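**Q**
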Amino acid sequence: MRTVRIRLESTSYDIHIGPGLLARTGDWLKELGFGDRLAIITDSTVRRLYGDTLVHSLSAAGFNVTVMAGPEGEGEKSLETAGRLYQELTDSFTERMTPILALGGGVIGDVAGFVAATYLRGVPLVHLPTTLLAQGDSSLGGKTGVDHGRLKNKIGAFYQPRLTVSDTSTLKSLPRKLLSDGLAEVIKHAAIRDAEFFTFLEDNLDRILALDDGTLEAIVARSAQIKAEVVEQDEHDLGLRNILNYGHTIGHAIETVSDFGIEHGQAVAIGMLAAARISNRMGFLDSAAVTRLSKLIERAGLPTEVPRVEVRQLIDAMQHDKKIVGGRARFVLLRDIGDVFITDEVSPSLVEEALAGRQ
Ligand SMILES: NC(=O)c1ccc[n+]([C@@H]2O[C@H](COP(=O)([O-])OP(=O)(O)OC[C@H]3O[C@@H](n4cnc5c(N)ncnc54)[C@H](O)[C@@H]3O)[C@@H](O)[C@H]2O)c1
Ligand SMILES: [Zn+2]
Numbered sequence: 105m106r107t108v109r110i111r112l113e114s115t116s117y118d119i120h121i122g123p124g125l126l127a128r129t130g131d132w133l134k135e136l137g138f139g140d141r142l143a144i145i146t147d148s149t150v151r152r153l154y155g156d157t158l159v160h161s162l163s164a165a166g167f168n169v170t171v172m173a174g175p176e177g178e179g180e181k182s183l184e185t186a187g188r189l190y191q192e193l194t195d196s197f198t199e200r201m202t203p204i205l206a207l208g209g210g211v212i213g214d215v216a217g218f219v220a221a222t223y224l225r226g227v228p229l230v231h232l233p234t235t236l237l238a239q240g241d242s243s244l245g246g247k248t249g250v251d252h253g254r255l256k257n258k259i260g261a262f263y264q265p266r267l268t269v270s271d272t273s274t275l276k277s278l279p280r281k282l283l284s285d286g287l288a289e290v291i292k293h294a295a296i297r298d299a300e301f302f303t304f305l306e307d308n309l310d311r312i313l314a315l316d317d318g319t320l321e322a323i324v325a326r327s328a329q330i331k332a333e334v335v336e337q338d339e340h341d342l343g344l345r346n347i348l349n350y351g352h353t354i355g356h357a358i359e360t361v362s363d364f365g366i367e368h369g370q371a372v373a374i375g376m377l378a379a380a381r382i383s384n385r386m387g388f389l390d391s392a393a394v395t396r397l398s399k400l401i402e403r404a405g406l407p408t409e410v411p412r413v414e415v416r417q418l419i420d421a422m423q424h425d426k427k428i429v430g431g432r433a434r435f436v437l438l439r440d441i442g443d444v445f446i447t448d449e450v451s452p453s454l455v456e457e458a459l460a461g462r463q
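If you're matching positions, the sequence shown starts at 105 in the working numbering and goes up one per residue.
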């Protein structure tokens, strides 16, 4: 097991990472001094796979546990779901000190985190992420929230957990496509901050895909460490955190234009490579680095080219993105693997060329 400690102005907490950790969670929660009641928010898939292991560990540590049905899929990441959960909490609990345990992928983490942040103006939160995306990215950094109409992730709160436990054994039941999706964000963390980690991913990709325990623990821990370092310097997303949007300017446009038919990780993979091609065309990044990124993305089971959507539509979608400052899309570009900078000096024609796959 490895532990990453995240130190923020408001609070500090541990992220425990390793195989078989759900079975140890009861003891850690006891050490945190919580009362004897807990609420778990999870979905039916994760409940079927890991509910018993977790409940057993919590009961053995003396906790009284209520399991509540959280959202299943992005479509239920809504205020309606949050409202139903508030009602269930009211029906079964009254105490402000009753912690909420978010057991599941990023959708569960976002909604349960939002509910924990807002119910009774805040109850303790514990993240128990079960997808690679959630362990290596979304459970870290304190962003919680729901979708509302066209506002994706825009109704929410910054809210930090008291503890995060990433049981890497849970990754073994993930469908391969979800593993690849999560790998996109892990590759992103390496590409923006850590050339050595990027090389580690190149050298160990086969072990990752073979779900080797030690390798999974290593990549989740490093990915968490990188995100933690960025979040520690910019908890409320006012500056440095922007670098985490590498691959996301184009990625978000692909998701929008495909009406979310192309998953986030896949869209970010295409976006990262396009941004690398743009960096190369503007003279910042050498072609060998672009090729390395392309190969790693491909070996991770992710796409490198834009499928099925019109490049012209993508450019339009980017122009309508809320993040745009003064009419120009803001890009995170690479100077080298592990070294990024932010610019709004990218011309639309260059974006078009990069998306068309021309280097
Ligand atoms: N808060 C943040 O900073 C942040 C960052 C990135 C993404 N996100 C959000 O994360 C969400 C995506 O998360 P996700 O990719 O984890 O998807 P998800 O939460 O929708 O989970 C995908 C599916 O996998 C299943 N599942 C979960 N764990 C499993 C396991 N161990 N074995 C088998 N199946 C399992 C779930 O039941 C679900 O059907 C999006 O809503 C996105 O907006 C949030
Ligand atoms: Zn992302």
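Positions of the beta carbon are idealized from the N, C-alpha and C atoms, including for glycine.
Because the structure is a prediction, the values reported are computed rather than measured.
(1) Among all the DSSP beta bridges, which residues are the ones paired with lysine 247?
(2) Which first and last residues belong to the alpha helix (DSSP H) in which leucine 158 is found?
(3) By Cβ distance, which residues of its chain are closer than 7 Å to lysine 181, with the 5 residues on each side in sequence left out?
(4) Would DSSP call proline 279 helix, strand or coil?
(5) Decide yes or no for the touch test of the region 442-451 against the region 320-332: beta carbon pairs closer than 8 Å, at least 3 of them.
(6) Kindly indicate the opening and closing residues of the alpha helix (DSSP H) around histidine 356.
(7) Take glutamate 457 and list the residues in its own chain whose beta-carbon comes closer than 6 Å to its own, dropping the five residues that flank it on each side.
(8) Relative to ligand 2, is the shortest distance from any of its heavy atoms to the C-beta of valine 444 smaller than 7 Å?
(9) Could you check whether leucine 287 and leucine 236 sit closer than 8 Å to each other, using their CB atoms as the reference points?
(10) Does the beta-carbon of lysine 181, which I'm using as the reference point, lie nearer than 7 Å to any heavy atom of ligand 1?
(11) Between which two residues does the alpha helix (DSSP H) harbouring serine 327 extend?
(12) Cα-Cα, which of Asp307, His352, Asn384 is closest to lysine 292?
(13) When the Cα atoms are used, what is the spatial distance from serine 270 to arginine 109?
(14) What is the DSSP secondary structure of glutamate 306, counted as helix, strand or coil?
(15) Check whether the Cβ atoms of aspartate 118 and threonine 107 lie closer than 8 Å to each other.
(16) Here's the rule: buried if 16 or more other CB atoms are within 10 angstroms of the residue's CB, otherwise exposed. What is glycine 124?
(17) Between which two residues does the alpha helix (DSSP H) holding isoleucine 401 run?
(18) Starting from proline 233, follow its DSSP beta bridges and name the residues at the other end.
(19) Grab me the residues of serine 398's own chain with a C-beta within less than 7 Å of its C-beta, minus the 5 sequence neighbours each way, in chain order.
(20) My assumption, with CB atoms under 8 Å, is that isoleucine 145 sits in contact with valine 219. Please give the rounded CB distance.
(21) Please report how far the alpha carbon of arginine 280 lies from the alpha carbon of leucine 313, in whole angstroms.
(22) When the Cα atoms are used, what is the spatial distance from tyrosine 223 to leucine 283?
(23) How would you label glutamate 285, buried or exposed, when you count the other beta carbons within 10 angstroms and need 16 or more for buried?
(24) Can you tell me the Cα-Cα spacing of valine 334 and arginine 266, whole angstroms?
(25) According to DSSP, simplified to helix, strand and coil, what is methionine 422?
(26) So, at 8 Å on beta carbons, what are the nonlocal neighbours of isoleucine 382 in its own chain, with the 5 sequence-adjacent residues on each side left out?
(27) What residues in its chain sit with their C-beta under 6 Å from that of isoleucine 354, if we drop five residues either side in the sequence?
(28) Pick helix, strand or coil for phenylalanine 364, following the three-state DSSP scheme.
**A** A quick look at the data gives this:
(1) In the sequence shown, residue 247 corresponds to position 143, counting from 1. According to DSSP, lysine 247 shares a beta bridge with Phe262.
(2) Stepping through the sequence shown from its first residue, residue 158 is reached at position 54. In the DSSP assignment, leucine 158 falls within the alpha helix (DSSP H) that extends over 156-164.
(3) Counted from its first residue, the sequence shown places residue 181 at position 77. So the qualifying residues of the chain are Pro175, Val211, Asp214, Val215, Val250, Asp251.
(4) Here residue 279 corresponds to residue number 175 of the sequence shown, with the count starting at 1. Looking at proline 279 - three-state DSSP - the assignment turns out to be coil, as it is neither helix nor strand.
(5) Too few Cβ pairs lie closer than 8 Å, so no.
(6) Mapped onto the sequence shown, residue 356 falls at position 252. Residues 352-361.
(7) On the sequence shown, residue 457 is found 353 positions in, with the first residue counted as 1. The beta carbon of glutamate 457 is closer than 6 Å to none in its chain, skipping five residues each way along the sequence.
(8) Taking the sequence shown and counting its residues from 1, one reaches residue 444 at position 340. Not under cutoff, so the answer is no.
(9) For the purposes of this step, residue 236 is taken as the residue at position 132 of the sequence shown. For the purposes of this step, residue 287 is taken as the residue at position 183 of the sequence shown. Their beta carbons are under 8 Å apart, which means leucine 236 touches leucine 287 by this criterion.
(10) Within the sequence shown, numbered from 1, the residue matching residue 181 stands at position 77. The answer is yes for lysine 181.
(11) Along the sequence shown, one-based indexing puts residue 327 at 223. Per DSSP, the continuous alpha helix (DSSP H) segment holding serine 327 begins and ends at 317-337.
(12) Counting from one through the sequence shown, the residue named residue 292 turns up at place 188. Nearest option by C-alpha distance: His352.
(13) As a working note, residue 270 is residue 166 in the sequence shown. As a working note, residue 109 is residue 5 in the sequence shown. For serine 270 and arginine 109, the gap between their C-alpha atoms comes out near 13 Å.
(14) On the sequence shown, position 202 is the one that residue 306 refers to. Note: glutamate 306 maps to helix in three-state DSSP.
(15) Residue numbering aside, residue 118 sits at position 14 when the sequence shown is read from its first letter. Residue numbering aside, residue 107 sits at position 3 when the sequence shown is read from its first letter. Threonine 107 is positioned such that its CB atom lies closer than 8 Å to that of aspartate 118.
(16) As a first step, residue 124 is located in the sequence shown; it is residue number 20 there, counting from the start. Glycine 124 should be labelled exposed.
(17) For the purposes of this step, residue 401 is taken as the residue at position 297 of the sequence shown. Per DSSP, isoleucine 401 belongs to the alpha helix (DSSP H) from 391-403.
(18) Position 129 of the sequence shown, counting from 1, holds the residue named residue 233. In the DSSP output, where bridge partners are listed per residue, proline 233 has Gly208.
(19) In the sequence shown, the residue the question calls residue 398 occupies position 294. Here serine 398 has Leu377, Thr408 as same chain residues with Cβ atoms under 7 Å from its own Cβ, once five neighbours each way along the sequence are excluded.
(20) Working through the sequence shown from its first residue, we reach residue 145 at position 41. Working through the sequence shown from its first residue, we reach residue 219 at position 115. About 7 Å separates the CB atoms of isoleucine 145 and valine 219; that is less than 8 Å, so the two are in contact.
(21) Against the sequence shown, residue 280 aligns to sequence position 176. Against the sequence shown, residue 313 aligns to sequence position 209. In a straight line, the C-alpha of arginine 280 is about 8 Å away from that of leucine 313.
(22) Taking the sequence shown and counting its residues from 1, the one referred to as residue 223 is at position 119. Taking the sequence shown and counting its residues from 1, the one referred to as residue 283 is at position 179. Taking the Cα positions, tyrosine 223 is about 32 Å away from leucine 283.
(23) Here the question's residue 285 lines up with position 181 in the sequence shown. For clarity, residue 285 is aspartate in the given sequence; the question names glutamate instead. By the Cβ neighbour-count rule, aspartate 285 is buried, with 16 or more other Cβ atoms within 10 Å of its own.
(24) Along the sequence shown, read from residue 1 onward, the residue named residue 334 stands at position 230. Along the sequence shown, read from residue 1 onward, the residue named residue 266 stands at position 162. Their backbone Cα atoms lie some 19 Å apart in a straight line.
(25) Numbered from 1 along the sequence shown, position 318 holds the residue referred to as residue 422. The DSSP-derived three-state label of methionine 422 is helix.
(26) Position 278 of the sequence shown, counted from the first residue, corresponds to residue 382. Excluding positions up to five away in sequence, the list reads Phe435, Leu437, Val450, Leu454, Val455, Ala458.
(27) One-based indexing of the sequence shown puts residue 354 at position 250. Contacts found: Gly375, Ala378.
(28) Here residue 364 is taken as the residue at index 260 of the sequence shown, counted from 1. Under the three-state reduction of DSSP, phenylalanine 364 is assigned to coil, being neither helix nor strand.
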